[in-house]
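Protein chains in written order, with the numbering used here: chain A, 70 to 320; chain B, 70 to 320. All C-beta atoms, glycine included, are put in the ideal place defined by N, C-alpha and C.
Protein chains: 2
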Amino acid sequence: MTIEQATGRARGIDRVIAILDYLHQRRGPVRIADIARDTGTPRSTIYEIVNRLVDAHWLEPRDGDGTVFFGPAMHFYGSAYLEGGDRIRAARGEVKRLVEQTGETAQYCTLEGDKYTVVLNEPGSRTFRISSDVGVKVPIPWTASGRLLVDHLALEEVKAFIPPDDFVLPDGRVTAPEDFVAEVARAKSAGYARTTGLVDRFTTCLAAPVRDVGGRCVATICLVVPADTGEDDLAAMIEALRASGRRLSLA
Amino acid sequence: MTIEQATGRARGIDRVIAILDYLHQRRGPVRIADIARDTGTPRSTIYEIVNRLVDAHWLEPRDGDGTVFFGPAMHFYGSAYLEGGDRIRAARGEVKRLVEQTGETAQYCTLEGDKYTVVLNEPGSRTFRISSDVGVKVPIPWTASGRLLVDHLALEEVKAFIPPDDFVLPDGRVTAPEDFVAEVARAKSAGYARTTGLVDRFTTCLAAPVRDVGGRCVATICLVVPADTGEDDLAAMIEALRASGRRLSLA
DNA sequence: TCGGAATGTCCGATATTTCGGACTGTGTTC
DNA sequence: GAACACAGTCCGAAATATCGGACATTCCGA
């Protein structure tokens with residue numbers, strides 16, 4: 070594991086690679102001094118590098134004592150590897166197709182840590198477009214998609230996973246976790262989620278699940294439409310969404 | 070995203086952080102020239118760094134054309150973050166307990182990519198110990214644990230996931246994927262897996278699943294015992310294993 | 001067939017990062 | 001309460017990694 074080089078001097082990148090590899094071997098929080106010893110890195114260098122990695126959320130301090138372990142960024146990168154970019158590629162096509170079919174704004178969304186986030190956004194053809202920025206993180210209970218993305222969790226797990234503050238909607242109303250879980254269950258059995266007036270009063274969100282081979286909802290594809298859209302139109306959109314969701318679930 | 074600094078010179082670590090962050094944003098294979106442009110990195114530097122990262126399996130070349138994306142190492146680090154080290158900590162205790170109870174070698178195992186790997190190994194108290202090195206990667210069909218670790222996959226998925234060569238046992242015998250999947254199904258419903266004479270003729274392996282909140286088998290806890298162990302003893306061991314597995318599934 | 005753009009390699013100079021070691025502060029043991 | 005191990009910071013010197021730019025190749029479309 071120790072980095073070997075004629076002079077004993079090593080470059081930062083190699084140090085970083087050795088550090089993460091070492092954490093992976095240990096499989097649990099590690100004291101900085103241990104990293105230094107076992108990777109053969111000078112103490113002053115280790116502190117310099119570890120601090121930089123903590124800033125970037127590649128590592129995070131753990132347990133209050135001076136130990137560190139992998140941070141959330143590693144999880145994001147790891148999921149991206151698993152997706153392989155193939156599903157996103159396919160999702161781009163589906164999102165475009167939905168916009169053409171419906172004229173409304175379509176999005177592809179996933180969980181990023183304990184938040185919901187828009188990965189793809191294709192604005193509709195309306196004069197006054199409803200759309201949102203990609204990459205922005207939003208509390209799970211604020212969205213229709215959120216009701217699908219946690220449908221593998223039981224009540225207690227939902228309470229542990231979603232920060233309590235996130236159950237407070239933008240207008241101050243509070244959703245009880247129990248009610249939320251009931252909506253999640255309904256969405257799961259219906260095969261889609263529908264919400265109106267959650268983030269603002271004038272929009273309805275429709276979402277369908279994208280599931281991995283294990284049946285876990287790993288993403289959603291959704292439409293953002295005006296709240297006064299007719300039921301017949303909504304029904305047609307829901308069918309289109311579910312079809313897209315099924316296609317994406319295969320890749 | 071561009072790294073800002075007075076002189077325009079930046080250190081390697083910061084470049085690496087910017088590169089991975091950029092790949093994460095793009096969510097799919099990216100040409101090296103794009104990375105250079107969008108992160109504001111000189112071309113010569115990018116090639117130097119990307120090659121180093123490819124060597125470390127942090128990135129991997131994709132699609133034959135000159136694009137790269139996240140590599141398997143990111144997945145390993147990401148899963149380690151999710152586990153948080155807590156389950157491993159608990160597993161250490163369970164493995165020790167099993168050795169005390171049974172006197173046999175106990176192990177804690179997971180999937181690492183498309184291979185089975187021993188994460189913890191605690192040798193038993195026999196004079197002639199049966200044990201294996203931690204970190205070594207073994208084909209999934211060679212092990213009892215492997216039959217549990219893929220129990221969320223259908224036949225076609227198993228064929229796609231496990232390399233064909235891995236169905237060849239050390240002694241040259243070949244397992245048909247169909248037979249393997251049947252054994253997987255049996256292990257799943259039984260709640261444990263048992264194999265004899267797979268890796269060598271004189272050992273029996275017993276394994277119980279450790280499942281995450283979604284019911285997915287994320288690890289196994291297992292015992293390696295002589296093939297001539299009595300059925301009564303085996304039954305007792307299986308019960309002990311399943312109890313450990315259930316406890317670990319909670320964390 | 002030619003011209004231009006895109007990809008990848010190589011090299012020398014120098015701005016920078018690494019490293020050793022000294023220093024402070026904190027907790028633990030006898 | 002003294003001795004010691006451990007955690008973290010700071011600094012100057014020097015080894016070297018980064019950078020710009022030149023060069024080689026390949027791939028296109030005109």
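- C291(B) versus A276(B) - alpha carbon distance: For the purposes of this step, residue 291(B) is taken as the residue at position 222 of the second sequence. For the purposes of this step, residue 276(B) is taken as the residue at position 207 of the second sequence. Straight-line Cα distance between these residues: approximately 4 angstroms.
- Of all Cβ atoms in chain B, is any one closer than 8 angstroms to the Cβ of R315(A)? Taking the first sequence and counting its residues from 1, one reaches residue 315(A) at position 246. By this cut-off, R315(A) is not an interface position.
- Query: If A256(A) and R216(A) are in contact, beta carbons under 8 angstroms, what's the gap, nearest whole angstrom?
  - Reply: Mapped onto the first sequence, residue 256(A) falls at position 187. Mapped onto the first sequence, residue 216(A) falls at position 147. Indeed they touch by this definition, with Cβ atoms about 4 angstroms apart.
- Within 10 angstroms of the Cβ of A149(A), are there 16 or more other Cβ atoms? Answer buried if so, exposed if not. In the first sequence, residue 149(A) corresponds to position 80, counting from 1. Buried: at least 16 other Cβ atoms inside 10 Å.
- Query: Do you know whose CA, among E173(B), T272(B) and A320(B), lies nearest T212(B)'s CA?
  - Reply: Translated into the one-based positions of the second sequence, residue 212(B) becomes position 143. When each option's Cα is compared against that of T212(B), the closest is T272(B).
- Item | Burial state of T71(B), where buried means 16 or more other Cβ atoms lie within 10 Å | The sequence position of residue 71(B) within the second sequence is 2, counting from 1. Below a pLDDT of 50, predicted positions are generally treated as unreliable, and T71(B), at 45, falls in that range; the measurement from the model is reported next regardless. So T71(B) ends up on the exposed side.
- Query: When the cut-off is 8 angstroms and only beta carbons count, does M143(A) lie next to chain B?
  - Reply: Stepping through the first sequence from its first residue, residue 143(A) is reached at position 74. It does; some Cβ of chain B falls within 8 angstroms.
- Is I101(B) near I118(B), with beta carbons less than 8 angstroms apart? As a first step, residue 101(B) must be located in the second sequence, where it is residue number 32. As a first step, residue 118(B) must be located in the second sequence, where it is residue number 49. No, these two residues do not count as a Cβ contact at 8 angstroms.
- Task: Compute the Euclidean distance between the alpha carbons of D234(B) and D183(B), then round it to the nearest angstrom.
- Result: For this step, residue 234(B) is matched to residue 165 along the second sequence. For this step, residue 183(B) is matched to residue 114 along the second sequence. About 12 angstroms.
- Between the Cα of D124(A) and the Cα atoms of R112(A), V137(A) and G133(A), which residue gives the shortest distance? Position 55 of the first sequence, counted from the first residue, corresponds to residue 124(A). Comparing Cα positions, the closest option is V137(A).
- Message: Between which residues of its own chain and R311(A) is the CB-CB distance below 7 angstroms, once the five residues before and five after are set aside?
- Response: Here residue 311(A) is taken as the residue at index 242 of the first sequence, counted from 1. Excluding positions up to five away in sequence, the list reads G260, Y261 and A277.
- Query: At which residues does the alpha helix (DSSP H) containing G146(A) begin and terminate?
  - Reply: Residue mapping note: residue 146(A) aligns to position 77 of the first sequence, counting from 1. It is Tyr, not Gly, that sits at residue 146(A) in the sequence shown. Here the alpha helix (DSSP H) through Y146(A) covers P141 to E152.
- For the segment 146 to 162 of chain A and the segment 142 to 160 of chain B, state whether three or more C-beta atom pairs, one from each stretch, are separated by less than 8 angstroms. yes
- Roughly how far, in whole angstroms, is the beta-carbon of R280(A) from the beta-carbon of S318(A), given that I think they are within contact range, below 8 angstroms? The count along the first sequence starts at 1 and reaches residue 280(A) at position 211. The count along the first sequence starts at 1 and reaches residue 318(A) at position 249. Yes, R280(A) and S318(A) are in contact; Cβ-Cβ is about 5 angstroms, under 8 angstroms.
- Message: Can you look up E308(B) in the DSSP assignment and give me helix, strand or coil?
- Response: Residue 308(B) sits at position 239 when you count from the first residue of the second sequence. Correct three-state label for E308(B): helix.
- Of the choices E169(B), V188(B), T174(B) and D134(B), whose alpha-carbon is the least far from that of A160(B)? Locating residue 160(B) in the second sequence gives position 91, counting from the first residue. Checking every option, the nearest Cα to that of A160(B) belongs to V188(B).
- Item | Cβ of A312(B) within 8 angstroms of any chain A Cβ | Working through the second sequence from its first residue, we reach residue 312(B) at position 243. No, A312(B) lies away from the interface with chain A (no Cβ there is under 8 angstroms from its Cβ).
- Item | Cβ contact (3+ pairs, closer than 8 angstroms) linking the segment 160 to 171 of chain B and the segment 282 to 290 of chain B | yes
- Query: Quick one: what's K184(B) bridged to in DSSP?
  - Reply: Reading the second sequence from its first residue, position 115 is the one you call residue 184(B). The partner list for K184(B) (beta bridge, DSSP) reads E181(B) and P208(B).
- Message: Tell me which residue opens and which closes the alpha helix (DSSP H) that L92(B) is part of.
- Response: In the second sequence, counting from the first residue as 1, residue 92(B) sits at position 23. Here the alpha helix (DSSP H) through L92(B) covers G81 to R95.
- Query: Going straight from the alpha carbon of P111(B) to that of A105(B), what length do you get?
  - Reply: Numbered from 1 along the second sequence, position 42 holds the residue referred to as residue 111(B). Numbered from 1 along the second sequence, position 36 holds the residue referred to as residue 105(B). About 6 angstroms.
- Answer yes or no: does any C-beta atom of chain A fall closer than 8 angstroms to that of Y146(B)? Against the second sequence, residue 146(B) aligns to sequence position 77. Output row for Y146(B): interface = yes.
- Task: Apply the 10 Å Cβ neighbour rule to A223(B) and answer buried if 16 or more other Cβ atoms are within range, or exposed otherwise.
- Result: Taking the first residue of the second sequence as position 1, residue 223(B) is located at position 154. Exposed, because fewer than 16 other Cβ atoms sit within 10 Å of the Cβ of A223(B).
- Task: Answer yes if the segment 294 to 307 of chain B comes into contact with the segment 238 to 251 of chain B, meaning at least three C-beta pairs across the two stretches below 8 angstroms, and no otherwise.
- Result: no
- Excluding the five sequence neighbours on either side, which residues of its own chain have a C-beta within less than 6 angstroms of the C-beta of H221(B), listed in chain order? Position 152 of the second sequence, counted from the start, is the residue given in the question as residue 221(B). Only R285 meet the Cβ criterion.
- Query: When you compare only the Cα positions, how much space is there between P141(B) and D90(A)?
  - Reply: Here residue 141(B) refers to the residue found at position 72 of the second sequence. Here residue 90(A) refers to the residue found at position 21 of the first sequence. About 12 angstroms.
- Query: Taking Cβ-Cβ distances shorter than 7 angstroms, what residues in chain B pair up with A125(A)?
  - Reply: Taking the first sequence and counting its residues from 1, the one referred to as residue 125(A) is at position 56. Neighbours of A125(A) on chain B, chain order: I86.
- Just the C-alpha distance for R158(A) and V219(B), rounded to the nearest angstrom, thanks. Reading the first sequence from its first residue, position 89 is the one you call residue 158(A). Reading the second sequence from its first residue, position 150 is the one you call residue 219(B). In a straight line, the C-alpha of R158(A) is about 27 angstroms away from that of V219(B).
- Please decide whether R158(B) counts as near chain A, where near means a Cβ-Cβ distance under 8 angstroms. Numbered from 1 along the second sequence, position 89 holds the residue referred to as residue 158(B). It does: the Cβ of R158(B) has a partner Cβ on chain A nearer than 8 angstroms.
- Message: If the criterion is Cβ atoms closer than 8 angstroms, does the pair V207(B) and T186(B) meet it?
- Response: Walking along the second sequence from the start, residue 207(B) turns up at place 138. Walking along the second sequence from the start, residue 186(B) turns up at place 117. The answer is yes: Cβ separation under 8 angstroms.
- Item | DSSP-derived helix/strand/coil call for L217(A) | Translated into the one-based positions of the first sequence, residue 217(A) becomes position 148. Three-state result, L217(A): helix.
- Query: Can you tell which of R316(A), M306(A) and R315(A) has the C-alpha that lies nearest to the C-alpha of T171(A)?
  - Reply: What you label residue 171(A) is simply residue 102 of the first sequence in a count that begins at 1. Ranking R316(A), M306(A) and R315(A) by Cα distance to T171(A) puts M306(A) first.
- Query: Is V253(B) buried or exposed, if buried means 16 or more other CB atoms sit within 10 Å of its CB?
  - Reply: As a working mapping, residue 253(B) is identified with position 184 in the second sequence. That one is buried.
- Query: Which chain A residues sit within Cβ distance under 8 angstroms of I218(B)?
  - Reply: Reading the second sequence from its first residue, position 149 is the one you call residue 218(B). Note that residue 218(B) corresponds to Leu in the displayed sequence, not to Ile. Simply none; closest approach about 12 angstroms.
- Mark G241(B) as exposed unless 16 or more other C-beta atoms lie within 10 angstroms of its C-beta, in which case mark it buried. Mapped onto the second sequence, residue 241(B) falls at position 172. With fewer than 16 other Cβ atoms within 10 Å, it is exposed.
- Could you name the residues of chain B that Y150(A) contacts, counting a contact when the two beta carbons are closer than 8 angstroms? Translated into the one-based positions of the first sequence, residue 150(A) becomes position 81. Those are F138, F139, G140, P141, M143, H144 and G147, listed as they occur along chain B.
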